Structures are given as structure tokens and as C-alpha cells.
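Start counting the sequence shown at 3; every next residue gets the next number (this note's numbering).
Just so you know, even glycine gets a beta-carbon here, dropped at the ideal spot from N, CA and C.
None of the values given here were measured: they were computed from a predicted structure.
Encoded as C-alpha cells, the structure appears first; notes follow it.
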Amino acid sequence: MIEIIILAVATSMDSFAVSIGLGTKKNTPGLALKAGLFFGMFQALMLFIGYFGGKGILGWIEAYAYWTASGLLILIGTKMIYESIQEGIEKDILAITNKIMLILAIATSIDAMAVGFSLTLLDVNPYVSCFIIGIITFIFSVAGVFIGRHSGTWLRNKAEIFGGIILILLGIKMLIF
Numbered sequence: 003m004i005e006i007i008i009l010a011v012a013t014s015m016d017s018f019a020v021s022i023g024l025g026t027k028k029n030t031p032g033l034a035l036k037a038g039l040f041f042g043m044f045q046a047l048m049l050f051i052g053y054f055g056g057k058g059i060l061g062w063i064e065a066y067a068y069w070t071a072s073g074l075l076i077l078i079g080t081k082m083i084y085e086s087i088q089e090g091i092e093k094d095i096l097a098i099t100n101k102i103m104l105i106l107a108i109a110t111s112i113d114a115m116a117v118g119f120s121l122t123l124l125d126v127n128p129y130v131s132c133f134i135i136g137i138i139t140f141i142f143s144v145a146g147v148f149i150g151r152h153s154g155t156w157l158r159n160k161a162e163i164f165g166g167i168i169l170i171l172l173g174i175k176m177l178i179f
């Protein structure tokens, strides 16, 4: 269960970082709730899709499953760190509409689909795991909007770096143990 919580914190860092950026533009309880709902639901959904997709192909690649899952976690972690030094899309957003939130939610949760594959290798209940990860993403997203107002964007990049490092360490741990 502790691995699920660590995974939840790591995968929610993209949503947290985008929420911080949104909070610098507009900071209302309604936006915080909307960000939490969109990001939390899509994070859980994409993990769920990745988990069942991984279950479907696990039989074909079972001998290489740990290598594949570990490689995906390391690759996604590296990608998160790389993206942390790039400019965020939220800088170019003029109005925060439901359509924009949907696009941001999909963009921040695409990686979660690949991470969901690694859940197939853990002895966890996928429904409970996706729920926990969705709730933690919701909490981080809500907090990110409010933090964005006070921190500006300097914390956004650090959150993505932190999440990337955690995913890389989980990938390495999967190879070693």
C-alpha cells in the first residue's frame, strides 16, 4: 500500500505543477475544485486503462514485464524532469474553460496510463489503487491552485522534478528487488 501512495504522489506532480500555474492566473475555490475533479478523475481513469491494458499483454511479455515496467517508470520520470525545465502550457492560457481543463487533464494523465502498466506487477487491488491515486491527485491539484497564488511558478518546476525522481527511483527499485 505504501508503494501506491508513493506512486500517487509521484504521478500527481504533473497535475500539481499545472494547478500551480493555473493558480497564478486565477485563484478561486471554484477553479481549485474544478482542477481537482478534472485531474483526479483523469489520473485514476488513465491508470485504470493502463492497468487493464497491461493485464491484457502481460501474458505475451511476462518474461520481460519487470524490465518493461521499470523502463517505463524511468522513462516517464526522466520525461517529467525534462519537461520541468520547459515552459508550461498554462502560461499561454487566456481563459480557463472546461475545454481547457479537459485538455490539461488528458495531457497530465497520459503518462499515468503507462504507469498503470506497472500496477500489474504489484499485488494490489486496481480499483482501490486507482481510487487512492485519484484522491491524492485531487488533493494535490486543489492545493496547487491555492499555492500558485502565493508562490508564483517557481514551485511548479520543483514539483515536476520531485515527481520524476520518485518515478525513476521506483523503476530502479523494481529492477533491484
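C-beta atoms of residue i and residue j nearer than 8 Å
| i | j | result |
| --- | --- | --- |
| residue 98 | residue 35 | no |
| residue 13 | residue 102 | no |
| residue 159 | residue 86 | yes |
| residue 119 | residue 74 | yes |
| residue 56 | residue 137 | no |
| residue 6 | residue 131 | yes |
Given residue i as reference, the closest of the options once Cα atoms are compared
| i | options | result |
| --- | --- | --- |
| residue 20 | 115, 79, 111 | 111 |
| residue 88 | 16, 7, 3 | 16 |
| residue 129 | 31, 38, 51, 11 | 51 |
| residue 176 | 69, 49, 31, 126 | 69 |
| residue 58 | 31, 121, 100 | 121 |
| residue 142 | 152, 49, 66, 161 | 161 |
| residue 174 | 49, 11, 77, 115 | 77 |
| residue 115 | 66, 31, 49 | 49 |
6 Å Cβ shell around residue i - same chain, five flanking residues per side excluded
| i | result |
| --- | --- |
| residue 92 | Confidence at residue 92 is low in this model, with a pLDDT of 48, below 50, so the placement of that residue is unreliable and no value is reported for it. |
| residue 54 | none |
| residue 150 | 22, 25, 26 |
| residue 172 | 75 |
| residue 83 | 163, 166 |
Supposed contact pair residue j and residue i - C-beta distance, whole angstroms, cut 8 Å
| i | j | result |
| --- | --- | --- |
| residue 9 | residue 79 | Contact flag wrong, Cβ pair sits at about 11 Å. |
| residue 18 | residue 146 | 4 Å |
| residue 38 | residue 117 | Actually they are not in contact, since the Cβ atoms of residue 38 and residue 117 sit about 19 Å apart, beyond 8 Å. |
| residue 44 | residue 108 | 6 Å |
Contacts around residue i, its chain only, beta-carbon distance under 8 Å, and the 5 residues preceding and following it disregarded
| i | result |
| --- | --- |
| residue 81 | 113, 166 |
| residue 133 | 46 |
Below-8 Å beta-carbon distance, residue i vs any chain C residue
| i | result |
| --- | --- |
| residue 12 | Within the model displayed, chain C is absent; a lone protein chain is all it includes. |
Own chain residues within Cβ distance below 7 Å of residue i, not counting five before or after
| i | result |
| --- | --- |
| residue 126 | 6 |
Item checked: Residue ranges of each alpha helix (DSSP H) within the segment 18-74, 4 or longer -> 31-63, all fully within the segment 18-74.
Check: Could you give the uninterrupted runs of the alpha helix (DSSP H) lying entirely in the segment 117-170, keeping only those of 4 residues or more?
Finding: As far as the segment 117-170 is concerned, its whole alpha helix (DSSP H) runs of at least 4 residues are 128-153.
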